[in-house]
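Colleague:
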Amino acid sequence: MHVLCIWLISEMFGPFEFILAGVLVGFCVGITGVGGGSLMTPILISLFRIEPHIAIGTDLLYAAISKFCGSMVHAKKLNIVWPIVLWLAVGSIPASFATSWVLEHYLSQSTHYKAVLTMVLGFMLTLTGISIIFRSRIEKFFMRFRKPDTTQINAENLTTNKRIYVVIMGIVLGVFVTLSSVGAGAFGIMALIIMFPNLPMIRIIGSDVVHAVLLTSVAGLSHMSAGNVDFVLLMWLLVGSIPAIIIGTLISSKMPEKLIRKILGITLFALGVNFMINPVKAKPVQKPAVVEQHIPEKTTKV
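Everything in the sequence shown is counted per full-length UniProt numbering, starting at 1 for the first residue and increasing by one.
Dropping the structure here:
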């Protein structure tokens, strides 16, 4: 059945359409820094009519690969607070494994499988859209709690009193990212801003990107073991997105980043509401028609 779905999709849409989707998403990521998983999954489901579990599994590996290069840049520039990444992973990685196990052994057999996935996706898209739209206001609000000596930050002391909160946040991200492929980026950044208002923004972004690579890799591999990844689709998306991310990053200073961010946030919010109101439902299984057989009546011998 999975092979048949991939064949039908390949007949309807060719490599050009998938590359174009990768270019669009990659360009948004390069300019705004967000929109990878949160934009790709809705496109795959709404535009290309790909099954939700295939779209989510493929997008998780897409996000892991596309964000890996960014994580290397942040590591080279020392923008990563490793204790934050570690304690987020302590919560998110086991939560991702547990969620994948429940998906494969219980939820995948349910007729509500697709509906649950798309409703969770809609919920996370709505939150992500809100966080993108109001990001500047949220940042301004928490700027009040920042100390003036932000250069004298000890990362170990910063996380000592908040480890439990970071682990809980990791668990939440592990569950919802595995279910929807959304939330590791914009939503994760907002959570870190709230928990660490005194941490420079560049270090929050760097820490979030590295954790997102770890989480999406684990979740993507779990989906791959369940057969939820289309590698041909993944290849074409990466062919389009990787050059677009580079180009978008290079010209980001000349583009109206705030306007694009608002449009992206409103779009994700609208898509999220639509997915929650109109989730993708599984087609009812048709019962095989019962063929009536004519059984000749027994004749009694006289």
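All C-beta atoms, glycine included, are put in the ideal place defined by N, C-alpha and C.
(1) For N274, report the span of its alpha helix (DSSP H) as first-last.
(2) Can you give me the start and stop residues for the alpha helix (DSSP H) that residue 303 sits inside?
(3) Tell me whether the beta-carbon of S66 lies closer than 8 Å to the beta-carbon of G91.
(4) With DSSP run on the structure shown, which of helix, strand or coil describes F18?
(5) Taking the alpha-carbon of A64 as reference, which of G240, G272, H211 has the nearest alpha-carbon?
(6) Tell me the rounded alpha-carbon separation between N198 and L259.
(7) Who are the near neighbours of V23 in its chain, counting only those whose CB is closer than 6 Å to its CB and skipping five residues on each side?
(8) Under DSSP, the alpha helix (DSSP H) around G37 begins and ends at which residues?
(9) Considering Cα atoms alone, identify which of G122, V25, G129, K114 is closest to M276.
(10) Given I80, which residues of its chain have a CB within under 6 Å of its CB, disregarding the five upstream and five downstream residues?
(11) Check whether the Cβ atoms of P52 and W236 sit closer than 8 Å, and answer yes or no.
(12) Tell whether a beta-carbon distance below 8 Å holds between A95 and G174.
(13) Does the distance from the C-beta atom of I133 to that of I266 stay below 8 Å?
(14) Assign V232 to one of two classes, buried (16 or more other C-beta atoms within 10 Å of its C-beta) or exposed (fewer than that).
(15) By alpha-carbon positions, which one of W82, G129, I246 ends up nearest to F27?
(16) Whose CA, out of I50, S181, S253, lies closest to the CA of L125?
(17) Closest by CA to I19, which one among P279, M255, H105, L238?
(18) Please report how far the alpha carbon of F48 lies from the alpha carbon of P42, in whole angstroms.
Modeller: In this structure, then:
(1) As a first step, residue 274 is located in the sequence shown; it is residue number 274 there, counting from the start. Segment 257-277, the alpha helix (DSSP H) holding N274.
(2) Beyond the ends of the chain as shown, which are 1 and 302, falls residue 303; an answer cannot be given.
(3) Mapped onto the sequence shown, residue 66 falls at position 66. Mapped onto the sequence shown, residue 91 falls at position 91. No; because the gap between Cβ atoms is not below 8 Å, this pair is not in contact.
(4) For the purposes of this step, residue 18 is identified with residue 18 of the sequence shown, where counting begins at 1. Helix.
(5) The residue labelled residue 64 in the question sits at position 64 within the sequence shown. Per the Cα distances, H211.
(6) Position 198 of the sequence shown, counted from the start, is the residue given in the question as residue 198. Position 259 of the sequence shown, counted from the start, is the residue given in the question as residue 259. Taking the straight line from one Cα to the other gives about 27 Å.
(7) If you number the sequence shown from 1, residue 23 lands on position 23. G240, A244.
(8) The residue you call residue 37 lines up with position 37 of the sequence shown. Taken as a continuous stretch (DSSP letters only), the alpha helix (DSSP H) holding G37 covers 36-42.
(9) As a position in the sequence shown, residue 276 is number 276, starting the count at 1. Per the Cα distances, G122.
(10) Stepping through the sequence shown from its first residue, residue 80 is reached at position 80. Cβ within range, chain order: H74, G206, S207, V210.
(11) On the sequence shown, position 52 is the one that residue 52 refers to. On the sequence shown, position 236 is the one that residue 236 refers to. No, Cβ-Cβ distance for P52 and W236 is not below 8 Å.
(12) Along the sequence shown, read from residue 1 onward, the residue named residue 95 stands at position 95. Along the sequence shown, read from residue 1 onward, the residue named residue 174 stands at position 174. Taking 8 Å as the Cβ cut-off, A95 and G174 qualify as a contacting pair.
(13) Stepping through the sequence shown from its first residue, residue 133 is reached at position 133. Stepping through the sequence shown from its first residue, residue 266 is reached at position 266. Their beta carbons are under 8 Å apart, which means I133 touches I266 by this criterion.
(14) Within the sequence shown, the letter at position 232 stands for residue 232. Burial call: exposed.
(15) Here residue 27 is taken as the residue at index 27 of the sequence shown, counted from 1. Here the closest residue by C-alpha is I246.
(16) As a position in the sequence shown, residue 125 is number 125, starting the count at 1. When only C-alpha atoms are compared, the closest one is S181.
(17) As a working note, residue 19 is residue 19 in the sequence shown. Answer by Cα proximity: L238.
(18) Start at 1 with the first residue of the sequence shown, and residue 48 comes out as number 48. Start at 1 with the first residue of the sequence shown, and residue 42 comes out as number 42. Going by the C-alpha atoms only, they are around 9 Å apart.
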